[in-house]
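Asker: Here it is: the structure, laid out below.
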């Protein structure tokens, strides 16, 4: 049996990565105080993904690990992506799809409420009072 | 076959060909377990994403009630614990028992620090009626913050998600403390060396995942 040597991460590299992670944490706290409009959320997520990647690749040593573990991890992430995107396909577009009439369900509900709260039509009231 | 027992290391189990194969199998099993953990948390992340897309302004407003200093401190504490556990594995691979034990104890202490900070955060919220679920009733003023201003529709959803996600994450930290106690005792007994450190490696992987979950929880709950 050939004995494959395990990768040993140097203390220097681990320290640099730890320093980078602390720096990114400070950066995400500081940038969150700024008002970047719609960019605050994507920036915070980009920093979080960068930090998580550093932990996975260096601290968990996936870079030097057996490739099958990277495949397992990748498939896990793929299913998370499917989970999030397919759920949002429902929750983001509720009432927008599969309608037989114009407008969203919200629009139709508003229209229905407006019709109900309307003053009754005098001609219609008179019509209803006509004995059969 | 008769003398098979005499020429293999004590840690090698009979159904494995070599230490290397045993190590790889254990590690692959750990990665599979980590994927189930990721999927467990992804259910809660999906809940967060759905409710946030429905009420983004409520989530942004409610997040102001959480202290980014405490959350940031805990982020640094967990990153440090990930660093020490990686150092511990480095020392185990170099047959340095002292380095391994010191780093395992440091990891345990960082985990404890994390939970102590979390305890103070939770109690500060409970004092002002910020509870998960039906008991949610923010009131009172502290440090210039009027809690009643946070008693708005759908804020309850944010805080329920906050308590459930950080609670389940905190439980994982607690489990990690138990694991590191067990690993430290075994390390003190001299059970680990460069030839066999599988439990250290796998507990390290678990601990890094707990760190990664927090890396996402911190900005989502405290910052944005």
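Residue numbers (the numbering used here), protein chains in the order written: chain H, 48 to 179; chain B, 191 to 414. Beta carbons are placed, not taken as given, at the ideal position from N, Cα and C, and that holds for glycine.
#1: Can you name the start and end residues of the alpha helix (DSSP H) that residue 151 (chain H) belongs to?
#2: Taking buried to mean at least 16 other C-beta atoms within 10 Å of its own C-beta, is residue 164 (chain H) buried or exposed?
#3: When Cβ atoms are compared, which residues of the stretch 70–91 of chain H fall closer than 7 Å to chain B?
#4: So, does the CB of residue 214 (chain B) fall closer than 8 Å to a CB anywhere in chain H?
#5: Mind checking residue 50 (chain H): buried by the 16 CB within 10 Å criterion, or exposed?
#6: Which residues in the same chain have their Cβ closer than 6 Å to the Cβ of residue 353 (chain B), if we skip the five residues on either side of it in sequence?
#7: What's the call for residue 173 (chain H), buried or exposed, on a 16-neighbour Cβ count within 10 Å?
#8: For residue 187 (chain H), which of helix, strand or coil comes out of DSSP?
#9: Could you compute how far the alpha carbon of residue 397 (chain B) sits from the alpha carbon of residue 79 (chain H)?
#10: Within 8 Å of any Cβ in chain H, is that where the Cβ of residue 232 (chain B) sits?
#11: Mapping DSSP to helix, strand and coil, what is residue 419 (chain B)?
#12: With a threshold of 8 Å, are at least 3 pairs of Cβ atoms found where one atom belongs to the stretch 261–269 of chain B and the other to the stretch 332–341 of chain B?
#13: DSSP three-state label for residue 331 (chain B), please.
#14: Against chain H, does residue 243 (chain B) count as a neighbour if the rule is that its beta carbon must be under 8 Å from one of theirs?
#15: Could you check whether residue 380 (chain B) and residue 287 (chain B) sit closer than 8 Å to each other, using their CB atoms as the reference points?
Answerer: In this structure, then:
#1: From DSSP, residue 151 (chain H) is part of no alpha helix (DSSP H); its letter is neither H nor E.
#2: When all chains shown are included, residue 164 (chain H) counts as exposed.
#3: 72, 75, 76, 79, 87, 88 and 91
#4: yes
#5: Legend: pLDDT at residue 50 (chain H) = 47, less than 50; position of this residue unreliable, no value from coordinates given.
#6: Counting only Cβ-Cβ distances below 6 Å, and skipping sequence neighbours, we find 322.
#7: exposed
#8: Nothing about residue 187 (chain H) can be reported from this structure: the residues present for chain H run from 48 to 179 only.
#9: 27 Å
#10: yes
#11: No answer is possible for residue 419 (chain B): the residues shown for chain B start at 191 and end at 414.
#12: no
#13: strand
#14: yes
#15: yes
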